[in-house]
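Asks: Counting from 23, one number per residue, gives the positions in the sequence shown under our numbering. Next up is a structure, given as structure tokens.
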Amino acid sequence: MSDNILVVLVNTSHPGNIGSAARAMKTMGLSNLCLVAPDQFPHEFATSRAAGADDLLERARVVQTLDEAIADCALVVGTSARGRKIPWPLLNPRECAERLFPESRQHKVALVFGREDRGLTNDELARCHYHVHIPSDPEYSSLNLGAAVQVLSYELRREALAAEGAASVATEWDAEYATAGDVEGYFTHLQQVLEQIGFIDPSHPGQVMTRLRRLYSRQRLDKIEVNMLRGVLSETQRGLSEPPATQAEE
Ligand code: SAH
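Structure follows, in structure tokens:
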């Protein structure tokens with residue numbers, strides 16, 4: 023994922039959380055970390071909690087204000103662990119990724135995390151286009167900072183993989199998708215066989231075919247698969263029309 027996605031940690035008090043955030047980011051393919059007035063940084067706890075993600079700490083930009091951190095970002099989303107006085111356009115983690123990821127292809131975007139004890143101030147939240155809330159239990163809604171970074175980074179990664187996947191499924195699949203006509207031919211054939219073997223009573227067919235259609239519609243069959251399924255049906259019919267093999271005499 024691109025450097026255009028900036029993760030901003032505001033005024034973090036525990037250096038270990040900075041390390042956890044870096045690790046969470048790196049596992050999800052993010053690399054651009056900005057620290058606004060961290061209490062203690064660099065710090066050995068940050069480095070040890072980052073494990074193999076200490077390169078992100080080395081590259082991290084340290085600034086004094088949120089304004090400096092987000093100055094060149096065209097879209098800013100702030101995290102919030104609880105409801106605020108003034109409601110703001112609010113996203114869930116998936117919607118957040120759906121907005122940030124595509125825009126990050128054009129310009130810089132930021133995801134802003136708050137202090138362990140108080141989160142982001144109202145002033146800081148007012149600098150954000152959107153707020154994002156991880157739908158935690160309202161009775162105990164506040165995640166550890168590193169865990170919150172993990173959840174939102176994961177959603178960004180899903181979005182990035184989905185964008186790649188959409189391209190690769192279309193180009194790399196080894197068979198053409200079956201047409202509606204191919205699939206319809208299969209269903210006609212299937213029904214015939216199910217009647218032949220007595221699984222469907224033609225005078226009381228019930229919902230069997232509808233349920234089977236729904237089962238198959240949850241897949242996208244390709245032409246090879248439809249041919250194979252039809253082959254199974256044809257062999258079943260051939261078996262039915264052949265006289266049963268005679269049992270060996272005792
Ligand atoms: N007591 C603080 C909680 C801070 S938790 C408060 O009430 O705001 C530290 C940071 O982790 C938050 O600022 C936010 O960036 C992130 N975070 C924790 N829980 C979250 C949640 N449910 N949704 C979104 N961000 C969350």
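Glycine residues also receive a C-beta, built at the ideal position from the N, C-alpha and C atoms. None of the values given here were measured: they were computed from a predicted structure.
Hey, is the region 47-64 in contact with the region 76-92, meaning 3+ C-beta pairs nearer than 8 Å?
Replies: yes
Asks: Could you tell me whether any non-hydrogen atom of ligand 1 is closer than 7 Å to the CB of SER42?
Replies: no
Asks: Any idea what DSSP makes of GLY136, helix, strand or coil?
Replies: coil
Asks: According to DSSP, CYS95 sits in a beta bridge with which residue or residues?
Replies: DSSP, once it has assigned bridges, lists no residue as partnering CYS95.
Asks: Give the DSSP-derived three-state secondary structure of LEU212 in the structure shown.
Replies: In the structure shown, LEU212 adopts helical secondary structure according to DSSP, grouped into three states.
Asks: Would you be able to state if there are at least three C-beta pairs under 8 Å between the region 62-74 and the region 176-187?
Replies: no
Asks: If you draw a straight line from the alpha carbon of ALA82 to that of GLY141, how long is it in whole angstroms?
Replies: 21 Å
Asks: Determine the extent of the alpha helix (DSSP H) in which ASN144 is found, giving its start and end residues.
Replies: Counting along the chain, the alpha helix (DSSP H) containing ASN144 begins and ends at 144-147.
Asks: Taking the alpha carbon of ARG127 as the reference point, which residue from PRO111, CYS95 and ASP145 has its own alpha carbon closest?
Replies: CYS95
Asks: May I ask you to report which of helix, strand or coil DSSP gives ASP77?
Replies: helix
Asks: Between LEU122 and chain C, is the shortest Cβ-Cβ distance under 8 Å, so that the two count as touching?
Replies: The structure shown contains no chain C; it holds only a single protein chain.
Asks: Would you mind stating whether ARG149 and VAL98 have Cβ atoms separated by less than 8 Å?
Replies: yes
Asks: Are there any heavy atoms of ligand 1 lying less than 7 Å away from the beta-carbon of ARG121, as far as the coordinates show?
Replies: no
Asks: Exposed or buried, which one is VAL171 when buried takes at least 16 other CB atoms within 10 Å?
Replies: buried
Asks: Going by other Cβ atoms of all chains shown within 10 Å of its Cβ, with 16 needed for buried, is ASN54 buried or exposed?
Replies: buried
Asks: Going straight from the alpha carbon of ASP145 to that of VAL248, what length do you get?
Replies: 60 Å
Asks: Can you have a look at PRO115 and say buried or exposed, based on whether 16 or more other CB atoms are within 10 angstroms of its CB?
Replies: buried
Asks: Can you tell me which of PHE67, GLY105, THR258 and LEU52 puts its alpha carbon nearest to the alpha carbon of HIS36?
Replies: PHE67
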